[in-house]
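Participant: My questions all concern the structure below.
Number of protein chains: 2
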Amino acid sequence: MKDTKARILKAALELFRERGYEAATMRAIAERAGVSLGNAYYYFGSKEHLIQAFYDRTHLEHVAAVGTKLDELKEFKARLLWVMRKKLETIEPYHRFAALLFRSAADPKSPLNPFSSESQPVRRESTELFARVVEGVRSIPKDLRVELPNLLWLYHMGIVLYWIHDQSEGRWRSWKMMEKSVDLVAKLVAVASFSVLGPARRAALAMVRELRDQEHEAPQPAR
Amino acid sequence: MKDTKARILKAALELFRERGYEAATMRAIAERAGVSLGNAYYYFGSKEHLIQAFYDRTHLEHVAAVGTKLDELKEFKARLLWVMRKKLETIEPYHRFAALLFRSAADPKSPLNPFSSESQPVRRESTELFARVVEGVRSIPKDLRVELPNLLWLYHMGIVLYWIHDQSEGRWRSWKMMEKSVDLVAKLVAVASFSVLGPARRAALAMVRELRDQEHEAPQPAR
DNA sequence: GTCAGTAGTTGAACGTGTTCAAAACCGCCG
DNA sequence: CGGCGGTTTTGAACACGTTCAACTACTGAC
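Chain order of the listed sequences is A and B.
Number 1636 marks the last residue of the first sequence (the numbering used here); no jumps.
Number 1636 marks the last residue of the second sequence (the numbering used here); no jumps.
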């Protein structure tokens, strides 16, 4: 059937939300989807692939939430702030199980790992969003301009990591931390743009470039 | 028996090294230790607790490897470089299974998570090592001096994360990246010490302080 | 209309981490 | 010796993620 896959994914996301990752067993997911256990594996090779699907979906939601409003904002700081706000809003409902997301994200062997080949498309798209943030802003020198999207993506992962560990009411800590850090990042970009610290900046950019290049050369080890 | 626990840990570390984390089953570990399956669980509440033990051990090895030579080095950069070199040397034999270490390290619910209460002692000690790096160096202003160990610890985790994903021969990429980044960190510390970028530095330090404080206030959720 | 081939679906079976009630062992007091 | 309280040890049992050979449904060619 055409919608079987969709039904399974829907059931999975529901159960992830309701019970968290471990408690949402494949059997329970299959049952709620009205499908046999083996069938779930026909569409999703493993439980982690379900997370990958979740990953894709929240990314789409995020992009949609950012919308065209981004184009109206002119300053770098305002643009970054907007994107980050929408990020936190988008992922909030999934806080319970997002933890596990990061767990496997850190595992080089997981398909979920942001550096793995399987998730490269999502990551590329995700980075694209930050490229948009940078785009409309003059006053950022070219060499920085090229690498900044990657750096911002990395920064945004850091915030998400903080958010995952955040147990405060309504995640207010994460919001505060996000706003402050956006401020800081904007300041740093400004400073780097004036290039007072020439050698340091060049060295930093060279390193980032290397980090980026490695992905293409070194294949992931077999599972 | 007194040494049962030690035998189990020994068997576990051997199998981790030989086969990696997943292939080293609890049954295999118990068998090699000459002990029943249940007995292994009597001493180590879960498989992750075995990793925690590994964690502790490599930290001790690292401290031992750093030794007193550190005291002879006078410049910040040389001191940091020494500590980081010894780190990479210490963990090298475990590259195969270190991946999984990080996997659970990112999970807030895992005892292995560096921010969790269970591993706080190790982390504190680990940070202490970087406190030693900072100690003997004048020319670092006081406010920075207080937070720098935490920042360096974070930086060192970043390098380890890179190392985990590194599949290059003899891990030469990690070594190169480490050396370059140590250089960069040293430059940044120098710049920050001159405090050309006053407001940015103050903002950054405030954030780091906040990040540190959160750990004590927010308890980990129940498993 | 038939039949082969593909796509979809099933549930039993495997090996895993983990739990737990019961057994074995130990030191010590009477 | 005898038995008692505790620590240690055992292995069967459980639920889980995952695999796979078998089965069904469907589609298109002749």
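Ideal Cβ placement from N, Cα and C applies to all residues, glycine included.
Please read these numbers as outputs of a predicted model, since none were measured by experiment.
1) Taking the Cβ atom as the reference point for each residue, do B:Lys1418 and B:Tyr1456 lie within a distance shorter than 8 Å?
2) Identify whether B:Asp1416 lies in helix, strand or coil by the three-state DSSP scheme.
3) Any Cβ of chain B within less than 8 Å of the Cβ of A:Asp1596?
4) DSSP on B:Gly1458, reduced to helix/strand/coil?
5) Determine the chain A residues that contact B:Met1590 at a beta-carbon separation under 8 Å, and present them in chain order.
6) Report yes if the CB atom of A:Ala1617 is closer than 8 Å to the CB atom of B:Leu1597, and no otherwise.
7) Less than 8 Å between the CB atoms is what I'm expecting for B:Ile1421 and B:Ala1441, so what's the real figure, rounded?
8) Output needed for A:Ala1619: all residues of its chain with C-beta closer than 6 Å, excluding positions within five of it in sequence on either side, in chain order.
9) Alpha helix (DSSP H) containing A:Ile1504: first to last residue?
10) Do you know how far the Cα of A:Glu1538 is from the Cα of B:Arg1545?
11) How would you call B:Pro1562, buried or exposed, if buried means at least 16 neighbouring beta carbons within 10 angstroms?
12) Taking 8 Å as the cut-off, decide whether the C-beta atoms of B:Leu1486 and B:Arg1492 are in contact.
13) At a CB-CB cut-off below 7 Å, which residues of chain A make contact with B:Ala1617?
14) Starting from the C-beta of A:Val1535, find all residues in its chain whose C-beta is less than 7 Å away, skip the five residues before and the five after it, and write them out in chain order.
15) Check whether the Cβ of B:Lys1423 lies closer than 8 Å to any Cβ atom in chain A.
16) Report the residue from A:Ala1446, A:Lys1490, A:Ala1603 and A:Gly1571 whose alpha carbon sits nearest the alpha carbon of A:Asp1416.
17) Does any C-beta atom of chain B lie closer than 8 Å to the C-beta of A:Phe1429?
18) Assuming contact is defined by CB atoms lying nearer than 8 Å, are B:Arg1430 and B:Arg1509 in contact in what I supplied?
19) Could you name the residues of the same chain whose beta carbon sits closer than 8 Å to that of A:Leu1564, not counting the 5 residues immediately before and after it, in chain order?
20) Between the Cα of B:Ile1504 and those of B:Trp1588, B:Val1604 and B:Thr1540, spot the shortest distance and give me the residue it belongs to.
21) Under 8 Å, CB to CB, which of the residues in the segment 1459-1470 of chain A have a partner in chain B?
22) Alpha carbon to alpha carbon, how far is B:Glu1592 from B:Leu1494? Give it in angstroms, no decimals.
23) In three-state DSSP terms, what is A:Leu1486?
24) Can you give me the start and stop residues for the alpha helix (DSSP H) that B:Ala1603 sits inside?
25) By DSSP, does B:Thr1438 sit in helix, in strand, or in coil?
26) Residues of chain A with a CB under 9 Å from the CB of B:Lys1593: which are they?
27) Would you mind stating whether B:Thr1540 and B:Trp1566 have Cβ atoms separated by less than 8 Å?
28) Would you say A:Lys1600 reaches chain B, if we count a Cβ-Cβ gap shorter than 8 Å as a contact?
29) Please state the DSSP three-state secondary structure of A:Gly1433.
Facilitator: In brief:
1) Translated into the one-based positions of the second sequence, residue 1418 of chain B becomes position 5. Translated into the one-based positions of the second sequence, residue 1456 of chain B becomes position 43. For B:Lys1418 and B:Tyr1456, yes; Cβs fall inside 8 Å.
2) Here the question's residue 1416 of chain B lines up with position 3 in the second sequence. Correct three-state label for B:Asp1416: coil.
3) The sequence position of residue 1596 of chain A within the first sequence is 183, counting from 1. Cβ-Cβ to chain B under 8 Å: yes for A:Asp1596.
4) On the second sequence, position 45 is the one that residue 1458 of chain B refers to. Residue state, collapsed to three classes: coil.
5) Walking along the second sequence from the start, residue 1590 of chain B turns up at place 177. Met1620, Glu1623 and Leu1624, listed in chain order.
6) Taking the first sequence and counting its residues from 1, one reaches residue 1617 of chain A at position 204. Taking the second sequence and counting its residues from 1, one reaches residue 1597 of chain B at position 184. Their beta carbons are under 8 Å apart, which means A:Ala1617 touches B:Leu1597 by this criterion.
7) Taking the second sequence and counting its residues from 1, the one referred to as residue 1421 of chain B is at position 8. Taking the second sequence and counting its residues from 1, the one referred to as residue 1441 of chain B is at position 28. At roughly 12 Å, the Cβ-Cβ gap does not stay under 8 Å, so B:Ile1421 and B:Ala1441 are not in contact.
8) For this step, residue 1619 of chain A is matched to residue 206 along the first sequence. No residues qualify anywhere along the chain.
9) Within the first sequence, numbered from 1, the residue matching residue 1504 of chain A stands at position 91. Per DSSP, A:Ile1504 belongs to the alpha helix (DSSP H) from Phe1489 to Ile1504.
10) Taking the first residue of the second sequence as 1, we reach residue 1545 of chain B at position 132. Taking the first residue of the first sequence as 1, we reach residue 1538 of chain A at position 125. Distance between the alpha carbons of B:Arg1545 and A:Glu1538: 42 Å.
11) Here residue 1562 of chain B refers to the residue found at position 149 when the second sequence is read from its first residue. So B:Pro1562 counts as buried.
12) Position 73 of the second sequence holds residue 1486 of chain B. Position 79 of the second sequence holds residue 1492 of chain B. Yes.
13) Residue numbering aside, residue 1617 of chain B sits at position 204 when the second sequence is read from its first letter. Under the 7 Å cutoff, chain A gives Leu1597.
14) As a position in the first sequence, residue 1535 of chain A is number 122, starting the count at 1. Contacts found: Tyr1468, Asp1469 and His1472.
15) Position 10 of the second sequence, counted from the first residue, corresponds to residue 1423 of chain B. Closer than 8 Å: no.
16) Residue mapping note: residue 1416 of chain A aligns to position 3 of the first sequence, counting from 1. A:Asp1416 has its Cα closest to that of A:Ala1446, out of A:Ala1446, A:Lys1490, A:Ala1603 and A:Gly1571.
17) As a working note, residue 1429 of chain A is residue 16 in the first sequence. A:Phe1429 does not count as touching chain B.
18) Stepping through the second sequence from its first residue, residue 1430 of chain B is reached at position 17. Stepping through the second sequence from its first residue, residue 1509 of chain B is reached at position 96. Yes, Cβ-Cβ distance for B:Arg1430 and B:Arg1509 is below 8 Å.
19) The sequence position of residue 1564 of chain A within the first sequence is 151, counting from 1. Counting only Cβ-Cβ distances below 8 Å, and skipping sequence neighbours, we find Val1621.
20) In the second sequence, counting from the first residue as 1, residue 1504 of chain B sits at position 91. Comparing Cα positions, the closest option is B:Trp1588.
21) none
22) On the second sequence, residue 1494 of chain B is found 81 positions in, with the first residue counted as 1. On the second sequence, residue 1592 of chain B is found 179 positions in, with the first residue counted as 1. Rounded to whole angstroms, B:Leu1494 to B:Glu1592 spans 7 Å at the Cα level.
23) Working through the first sequence from its first residue, we reach residue 1486 of chain A at position 73. If DSSP states are grouped into helix, strand and coil, A:Leu1486 belongs with coil.
24) One-based indexing of the second sequence puts residue 1603 of chain B at position 190. Here the alpha helix (DSSP H) through B:Ala1603 covers Trp1585 to Phe1607.
25) Here residue 1438 of chain B corresponds to residue number 25 of the second sequence, with the count starting at 1. Looking at B:Thr1438 - three-state DSSP - the assignment turns out to be coil, as it is neither helix nor strand.
26) Indexing the second sequence from 1 puts residue 1593 of chain B at position 180. In chain order: Ala1616, Ala1619, Met1620 and Glu1623.
27) Translated into the one-based positions of the second sequence, residue 1540 of chain B becomes position 127. Translated into the one-based positions of the second sequence, residue 1566 of chain B becomes position 153. It is a contact, given that the beta carbons lie within the stated cut-off.
28) As a first step, residue 1600 of chain A is located in the first sequence; it is residue number 187 there, counting from the start. Yes - at least one Cβ of chain B is within 8 Å of the one on A:Lys1600.
29) The count along the first sequence starts at 1 and reaches residue 1433 of chain A at position 20. Looking at A:Gly1433 - three-state DSSP - the assignment turns out to be coil, as it is neither helix nor strand.
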